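Residue numbers (my numbering), protein chains in the order written: chain U, 73 to 234; chain S, 23 to 293. Virtual Cβ for every residue (Gly too), placed ideally from N, Cα, C. Note that the structure is a prediction, hence the values are computed from the model and not measured. Notes follow once the structure below has been shown.
Written as C-alpha cells, this is what we have:
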C-alpha cells in the first residue's frame, strides 16, 4: 500500500480539498481495499481498482462535509510553480497565463474538469482516470477531447475580451 | 493552439498544485488492521451462534443431565456446588455497571449489598450537564456526521449529550463498554465541538496549557495531560488523562483511564 499512498492521498485531496479528510478517506479506502482483496480479479491492474475505492471514499467524505465540488481549483492557486521564470516580467506573464488557464478550467463542466485533473494534474493513465470517474476508458478520451476544445474556446474568448 | 501545447501547459499548471505532505496512511492502516486481527478470536466466538449453543448444550449435559442420571456423580457435583457457594458467600456482591442495564437517565446506579439489599452509589452516577439527544439529533448538530473511534470496536456510543462550549454547539459521546473509569460507569467519553482546541477547551486556562504535553495525532498537533485540571464530562472521580486534538475542523477531547499510547491509538482511529 505504501507505494500507492501518495497518488491515493493526492487524489483524495483534490476531491475533498482538505488534508485531514483526504487522509481519513485514504485510510478508509485502504481498509476497504484490504477487505475486498478476495473480490479483486487476479491479473487486473491494481492501481485503478484502488484509486476507484479512494475516489469513492473521498466523495463520501465531501458529501458528509456538505461541501461543494471543484475545490481542487483552490488548491491550484495555493502554490507557485517549481520552475519559476528567471525574470520578474516573465514570472508575471506566466502567473497571468496560469490564471487565464485556471479561469478557463473553472468555466468547464465538472466532468470535464475532473477528466483534466486526473490526466494532467494527477498524471493518471486513461484507465485510472476511468476508474476514478466511474466511466469507460473511451468516455474519458471523449471527455478530454471535448474539454480541450472547450478550453481553447474559453481562452480565445478571454483573449478577445482583453 | 495545438493540443500538444495546451496539454503541456496543463501539466505545468498541475505542477503548481500544492499537496500537503502525504501522511503514512499505510502504517496507520496496518496498525488498524492488526488491532482488528487481535480482536477477531473474541468476535468469532461471539459471532457464531452455533458455538454458543454447543457450549450451552455441553454445560447442560455436564451440569444437569449427567448428575441427574448418575447418583454418584450427582453427589460429587452437589459437593462441588456447596463448596462454591460457601466460597462465594464470603465475597461482596459487585455491581458491574454493565452496558445492558438501562443507563444514562442520570438516575442512581444500583447494586446489591452483601445481604441482598439494593444500594445506591452516588459515585456511580454519571454527571452530564447537557441534554441527552438521539444519534440523529447529534449528527444534525455536527453538520451531518459524527467522528467515532473505530478501534477498539466500541460500536455506537451508549449515550449522547448536547454540550455547548465557547458559544459552539457540540456533542458528548459516552461509551460504557470496556473497563469503567474509576467509580463511574463510563469507559470512554469523547467530546466533539466545532472549532480549535485552544478556543474550545483551553480558553482562559493559561496556567493549564504548560502542564499539558504536546502530542501528535496522525500528524495533527494535540495535547495530553491530566484531566483533573480540565472540566471533565466523566463524573467523579475524573479520569487520569485527557487527550485533545483537532480533526476535520472539530476540536476533540478524549477522556479515559488509559496509557498515552493506547489513547493515541484510539484517537488515530477516529473517523
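The Cβ atoms of residue 219/U and residue 212/U lie no closer than 8 angstroms to each other. Cβ-Cβ distances below 8 angstroms link residue 131/U to 87 in the same chain, with the five nearest sequence neighbours on each side left out; the list follows chain order. Of all alpha-carbon atoms in 220/S, 248/S, 162/S, 282/S, the one lying nearest the alpha-carbon of residue 274/S is that of 220/S.
Under the Cβ distance rule, residue 218/U does not count among the residues neighbouring chain S, no pair being separated by less than 8 angstroms. Rounded to whole angstroms, residue 205/U and residue 227/S show a C-alpha spacing of 49 angstroms. Just measuring C-alpha positions, the residue of 166/U, 163/U, 187/U sitting nearest residue 210/U is 187/U. About 4 angstroms separates the Cβ atoms of residue 247/S and residue 234/S, confirming a contact at the 8 angstroms cut-off. Each of 158/S, 190/S, 240/S, 196/S was checked against the Cα of residue 225/S, and the nearest Cα belongs to 190/S. Taking 8 angstroms as the cut-off, the Cβ atoms of residue 45/S and residue 95/U count as close. When DSSP reads this structure, residue 25/S sits in no beta bridge, so it has no partner.
For residue 83/U, the closest of 228/U, 110/U, 193/U, 113/U by C-alpha to C-alpha distance is 193/U.
In this structure, residue 163/S places its C-beta atom within 8 angstroms of the C-beta atom of residue 193/S. In the DSSP annotation of this structure, residue 265/S is not part of any alpha helix (DSSP H); the continuous beta strand (DSSP E) holding it starts and ends at 263–269. Nearest C-alpha to residue 209/S among 180/S, 215/S, 158/S, 24/S: 180/S. Within 7 angstroms of the CB of residue 31/S, the CB atoms of chain U belong to 173, in sequence order along the chain. Distance from the CA atom of residue 282/S to the CA atom of residue 211/S, rounded to whole angstroms, is 15 angstroms.
Residue pairing for residue 248/S: DSSP places it in a beta bridge opposite 263/S. Per the C-alpha coordinates, the member of 135/U, 74/U, 197/U positioned closest to residue 106/U is 74/U. For residue 185/S, not one C-beta of chain U is nearer than 8 angstroms to its own C-beta. Here DSSP, grouped into helix, strand and coil, assigns residue 292/S to coil. Residue environment: residue 40/S is assigned as exposed (fewer than 16 neighbouring CB atoms within 10 Å of its CB, all protein chains considered). For residue 25/S, the C-beta contacts it makes with chain U under 8 angstroms involve 220, in order along the chain.
When the alpha-carbon of residue 30/S is set against those of 191/U, 128/U, 232/U, the nearest one is in 191/U. Shown here for residue 127/U: same chain residues with a beta carbon closer than 7 angstroms to its own, the five before and five after excluded, namely 83, 87, 204 in chain order. Here residue 152/S has 183, 184, 185, 194 as same chain residues with Cβ atoms under 7 angstroms from its own Cβ, once five neighbours each way along the sequence are excluded.
Looking from the CA of residue 266/S, the closest CA among 289/S, 232/S, 279/S belongs to 289/S.
If the five residues before and after residue 110/U are omitted, its C-beta is found closer than 7 angstroms to no C-beta atom of its own chain. Apart from the 5 residues on each side of it in sequence, residue 178/S has no Cβ closer than 6 angstroms to any other Cβ in its chain. Contact with chain S is found for residue 188/U, since one of that chain's Cβ atoms lies less than 8 angstroms from the residue's Cβ. Per DSSP, the beta-bridge partners of residue 238/S are 243/S. At a cut-off of 8 angstroms between beta carbons, residue 248/S makes no contact with chain U. For residue 273/S, the pairing in a beta bridge is given by DSSP as 215/S, 268/S. About 7 angstroms separates the Cβ atoms of residue 102/U and residue 48/S, confirming a contact at the 8 angstroms cut-off. Using a Cβ distance threshold of 8 angstroms, residue 85/U and residue 43/S do not count as a contacting pair. Comparing C-alpha distances from residue 287/S to each of 37/S, 56/S, 32/S shows the shortest one belongs to 56/S. Restricting attention to 223/U, 100/U, 197/U, 92/U, the CA atom closest to the CA of residue 179/U is found in 223/U.
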